[in-house]
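Chains as they are written, first to last, in our numbering: chain A, 1 to 338; chain B, 1001 to 1284. Built from N, CA and C at the ideal position, the CB exists for glycine as well. Predicted model only: the values in this text are computed from it and were never measured. So the structure is just underneath, and the comments pick up after that.
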Amino acid sequence: MSRRNTGLAIEAEGLTRSFGATRALAGVDLQVPAGTVYGLLGPNGAGKTTTVRVLATLLRPDGGRARVFGHDVVTEADAARARVSLTGQYASIDEDLTGLENLVLLGRLLGYRKPASRERAQHLLTAFGLTEAADRQVKRYSGGMRRRIDIAASILNTPDLLFLDEPTTGLDPRSRSQVWEIVRAVVAHGTTVLLTTQYLEEADQLAGRIAVVDHGKVIAEGTPGELKSSVGSGTVHLRLRDPGQRPEAERLLRTALAGSVQLEPDPVALTARVGGHGSDLDASKQAARALRDLARAGIVVDNFALGQPSLDEVFLALTDHPAVPTEAERDEQLEAAR
Amino acid sequence: MSNETTTTGPAPTIYVPSMAALSTVLAHGARPRRPSPLSASLTFGWRALLKVKHVPEQLVDVTAFPIIMVLMFTYLFGGALADSPRDYLQFFLPGIMVTSVVMITMYTGVGLNTDIEKGVFDRFRTLPLWRPAALVGMIFGDVLRYVLAAVVILGVGLALGFRPGGGLLGVLGGIGLLVVFSFAFSWVWTFFGLVLRSEKSVMGVSMMVLFPLTFLSNVFVDPATMPGWLQAFVKVNPITQLVASVRAVMSGTSDASSTMWALVWSAGLTVVFGILTMYRYNRR
Chain A
1 MSRRNTGLAI
11 EAEGLTRSFG
21 ATRALAGVDL
31 QVPAGTVYGL
41 LGPNGAGKTT
51 TVRVLATLLR
61 PDGGRARVFG
71 HDVVTEADAA
81 RARVSLTGQY
91 ASIDEDLTGL
101 ENLVLLGRLL
111 GYRKPASRER
121 AQHLLTAFGL
131 TEAADRQVKR
141 YSGGMRRRID
151 IAASILNTPD
161 LLFLDEPTTG
171 LDPRSRSQVW
181 EIVRAVVAHG
191 TTVLLTTQYL
201 EEADQLAGRI
211 AVVDHGKVIA
221 EGTPGELKSS
231 VGSGTVHLRL
241 RDPGQRPEAE
251 RLLRTALAGS
261 VQLEPDPVAL
271 TARVGGHGSD
281 LDASKQAARA
291 LRDLARAGIV
301 VDNFALGQPS
311 LDEVFLALTD
321 HPAVPTEAER
331 DEQLEAAR
Chain B
1001 MSNETTTTGP
1011 APTIYVPSMA
1021 ALSTVLAHGA
1031 RPRRPSPLSA
1041 SLTFGWRALL
1051 KVKHVPEQLV
1061 DVTAFPIIMV
1071 LMFTYLFGGA
1081 LADSPRDYLQ
1091 FFLPGIMVTS
1101 VVMITMYTGV
1111 GLNTDIEKGV
1121 FDRFRTLPLW
1131 RPAALVGMIF
1141 GDVLRYVLAA
1151 VVILGVGLAL
1161 GFRPGGGLLG
1171 VLGGIGLLVV
1181 FSFAFSWVWT
1191 FFGLVLRSEK
1201 SVMGVSMMVL
1211 FPLTFLSNVF
1221 VDPATMPGWL
1231 QAFVKVNPIT
1241 QLVASVRAVM
1251 SGTSDASSTM
1261 WALVWSAGLT
1271 VVFGILTMYR
1281 YNRR
């Protein structure tokens, strides 16, 4: 297999993997174009981590096959390893060592001589804003710094493909946007990034294409725009002044918008999906029309917001079940992460 | 936890990722050639030393534990089993040295088990390296702990009046044999460290193997006093062979047959448990 002529960084066909009785992967197919950020979106326990671990040569699939730049991840694991890097969900660095020691260690393991690996480590620490923390044990780092040293370690070998498994879960907003900037810089440089996330917003911000994963299968695939419009292009959240007007508002919204309307537990609140399948009007126009209809009917709206569908809504639309994992799925994910 | 106070530092500067800086570090220099198996293993050994540097408490089991073992058994059994504790020590020191160091090998499995629970092995396993390097390096680090324990015991022994007839060379030879065997025996624990689920179960299994292995041997008493069926076990026990050969070398004589058996056991354990370990390591 030649590496480049397919233009694909990852090709996976029918990957399966079970842990005991739980089926973590039930036939995953993926095609990830080189040089892009590709998002694997799904709730906890969907099989995202297991997929990444198979593709990163850490876990053998029970069935199916996967190639990374043309190298089979099982039979040509070493050739695949030479071109990938993984930043796992749990710190893939030695917390007892300092940031500098971690990077020098990895540099040495990649074959840099001692002075060269020190120099490379210093450059990375500078680029990731960790110079001051260089001689501190990683266990004393903040969450954001930990992520950064982890990603720094992952690009030490200038990989062609970088796996980031939930890189921003548990980070504060500033650290999250720092990680996003780093991902943008990495992909601008030509590295392919496979990113798993539970947040639609994150996939939307970073990924050129997204695969939605649930129960170990890819249930939808496309650009963020395609996915969202398959669900409806947005969601309207309304708060009325008078709870008595809610039934009337619900009826009007159902007519004005092609989507479904949901009554919230709060007696004055409604949520409506805008622009169902195949609607050609854009979301803001439809929402404006709905607002006008409500005003004409004399319904007072205290609060109005038009937003993107949330992951939960994408999930509900695609699977008819919410994006909340069951206990068994959570156990299985823990197992897979071991 | 004091996370917040320790992480922000005196003058918290906010990190702003810079495209220019990041693309410099992403620029392909020539990728270096992958390190040789030995060099990769030694680098992992260096990691073990760094961990000792940061967590020196972990040396307690190779210093305090052996001292307690020597003192306890010398004075407990010395009067009963020999004319005096000092006479007993002359017979017993090589044996307790072997016992203590072989017992310490179980920490290799415990350490691997806890280490692998964290994510760092994921990174090691995605590196294009000679696969056993991470584990060989880990055991290299442990070998230094074995040497340290052996030297500590010897020091205590010398202070209490142990006089090795084989002199410095004999002592070095004895420690050398012990370290070779312990390196081999460590692979038993890497295997259990990978197979068993928790640190506790690794400890449990280790104790179940180590107690009979070290006590049902020639470490504490002359096997001639034991019933026949027990003598049969003691005779094939690798610890017996090892103790006999270490004792001989340290006293300035040699026991060719025991030395050969100790080395055969070492080679066998390394091959069998090395292969089993790597099989598990690759399939995790």
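Below 7 Å CB to CB, which residues in the same chain sit around residue i once its five sequence neighbours on both sides are set aside?
| i | result |
| --- | --- |
| V300 of chain A | L240, R241, D242 |
| V1188 of chain B | L1269, F1273 |
| A1081 of chain B | Reading the sequence as shown, one finds Leu at residue 1081 of chain B and not Ala. Hits under 7 Å: Y1088, V1221. |
| V104 of chain A | S117, R118, A121 |
| D1061 of chain B | I1104, Y1107 |
| S1217 of chain B | V1234, N1237, I1239, T1240, V1243 |
| N1282 of chain B | R1131 |
| R17 of chain A | A24, L25, T50, V54, L59, P61, D62 |
| D1083 of chain B | none |
| E1199 of chain B | V1110, N1113, T1114 |
| R1280 of chain B | F1191, L1194, V1195 |
| S1186 of chain B | T1105, T1108, I1139, D1142 |
| P224 of chain A | A203, D204, A207, I210 |
| M1278 of chain B | R1131, P1132 |
| G1176 of chain B | none |
| P1085 of chain B | T1074, Y1075, G1078, G1079 |
What residues in its chain sit with their C-beta under 6 Å from that of residue i, if we drop five residues either side in the sequence?
| i | result |
| --- | --- |
| G14 of chain A | G27, G64 |
| V213 of chain A | L40, G42, A46, G47, K48 |
| A295 of chain A | none |
| G278 of chain A | Unreliable placement is indicated for G278 of chain A, whose pLDDT of 47 sits below 50; no coordinate value is reported for it. |
| L406 of chain A | Given a span of 1 to 338 for chain A in the structure shown, any question on residue 406 of chain A remains unanswerable. |
| F1192 of chain B | G1109, V1202, V1205 |
| L1213 of chain B | I1239 |
| T1099 of chain B | T1214, V1219 |
| F1124 of chain B | A1134 |
| R289 of chain A | A256 |
| Q262 of chain A | T271 |
| L1129 of chain B | A1040 |
Using DSSP bridges, identify the partner residues of residue i.
| i | result |
| --- | --- |
| D72 of chain A | A:R67 |
| L161 of chain A | A:V84, A:T192 |
| V210 of chain A | What sits at residue 210 of chain A in the sequence shown is Ile, not Val. DSSP lists A:G39, A:G222 as partners of I210 of chain A. |
| I1014 of chain B | Answer by DSSP bridge pairing: none, since I1014 of chain B is not bridged. |
| N303 of chain A | A:R239 |
| P33 of chain A | A:L8 |
| R1125 of chain B | None, per the DSSP bridge assignment. |
| E1117 of chain B | Bridge partners of E1117 of chain B: none, in fact. |
| V274 of chain A | A:G234 |
| K352 of chain A | Chain A is shown only over 1 to 338; residue 352 of chain A falls outside these bounds and no answer can be derived. |
| Q286 of chain A | For Q286 of chain A, which the question treats as bridged, DSSP gives no partner whatsoever. |
| V28 of chain A | A:L15 |
Mind checking if residue i is an interface residue toward chain D, Cβ cutoff 8 Å exclusive?
| i | result |
| --- | --- |
| V186 of chain A | Protein chains in the displayed structure are A and B, and chain D is not among them. |
Which residues in the same chain as residue i place their Cβ atom closer than 8 Å to its Cβ, once the five residues preceding and following it in sequence are excluded?
| i | result |
| --- | --- |
| E95 of chain A | Q137, V138, K139 |
| V1156 of chain B | P1066, I1067, V1070, L1071 |
| T1063 of chain B | L1148, A1149, V1152 |
| F128 of chain A | R148, I149, I151, A152, I182 |
Let me check you understand the geometry: is the CB of residue i closer than 7 Å to at least one non-hydrogen atom of the ligand FAD?
| i | result |
| --- | --- |
| P1094 of chain B | This structure lacks the ligand FAD; in fact it carries no ligand of any kind. |
### Message
My parser needs the alpha helix (DSSP H) runs of 4 or more residues fully inside the stretch 1176-1243 of chain B; what are they?
### Response
1199-1215, 1228-1236
### Message
Does the stretch 191-199 of chain A come into contact with the stretch 41-58 of chain A, if we say contact requires no fewer than three beta-carbon pairs (one atom in each stretch) closer than 8 Å?
### Response
yes
### Touching by the beta-carbon criterion (3+ pairs, under 8 Å), the stretch 1124-1140 of chain B and the stretch 1029-1046 of chain B
yes
### Task
Evaluate the contact criterion for the stretch 164-178 of chain A versus the stretch 139-151 of chain A: three or more CB pairs, one atom per stretch, below 8 Å.
yes
### alpha helix (DSSP H) runs wholly inside the stretch 85-161 of chain A, at least 4 long, in chain order
99-110, 114-127, 143-155
### Task
Please confirm if the stretch 152-168 of chain A is in contact with the stretch 187-195 of chain A, defined as three or more CB-CB distances below 8 Å between the two stretches.
yes
### Message
Count Cβ pairs between the stretch 1167-1183 of chain B and the stretch 1257-1264 of chain B that sit closer than 8 Å; are there 3 or more?
### Response
yes
### Residue ranges of each alpha helix (DSSP H) within the stretch 1033-1091 of chain B, 4 or longer
1037-1054, 1060-1081
### Query
Taking contact to mean at least 3 C-beta pairs separated by less than 8 Å, is the stretch 206-221 of chain A in contact with the stretch 241-260 of chain A?
no
#### Entry: Interfacial residues, the stretch 16-33 of chain A to chain B, with Cβ spacing under 8 Å
none
### Task
Using a Cβ-Cβ cut-off of less than 7 Å, list which residues of the stretch 117-134 of chain A approach chain B; keep chain order.
So the close ones are H123, L124, T126, A127, G129, E132.
### Task
Decide if the stretch 76-88 of chain A is in contact with the stretch 49-61 of chain A; the criterion is three or more beta carbon pairs, one per stretch, under 8 Å apart.
These segments touch.
### Message
So if I threshold CB-CB distances at 7 Å, which residues from the stretch 48-60 of chain A count as touching chain B?
### Response
Answer in chain order: A56, T57, L58, R60.
#### Entry: Under 9 Å (Cβ pairs) to chain A, residues found in the stretch 1104-1120 of chain B
D1115, I1116, E1117, K1118, G1119, V1120
### Query
On the three-pair Cβ rule with 8 Å, is the stretch 63-82 of chain A touching the stretch 179-187 of chain A?
Too few Cβ pairs lie closer than 8 Å, so no.
### Message
Give me the subset of the stretch 1011-1024 of chain B whose CB atoms are less than 8 Å from a CB atom of chain A, sorted by chain position.
### Response
T1013, I1014, Y1015, V1016, P1017, S1018, M1019, A1021, L1022, S1023, T1024
### Query
Of the residues that make up the stretch 1045-1068 of chain B, which ones have a beta carbon closer than 8 Å to any beta carbon in chain A?
Of all residues in the stretch 1045-1068 of chain B, those with a C-beta nearer than 8 Å to a C-beta of chain A are W1046, R1047, L1050, K1051, H1054, V1055, reading in chain order.
### Task
Anything in the stretch 1133-1148 of chain B with a Cβ closer than 7 Å to a Cβ of chain A? List those residues in chain order, please.
none
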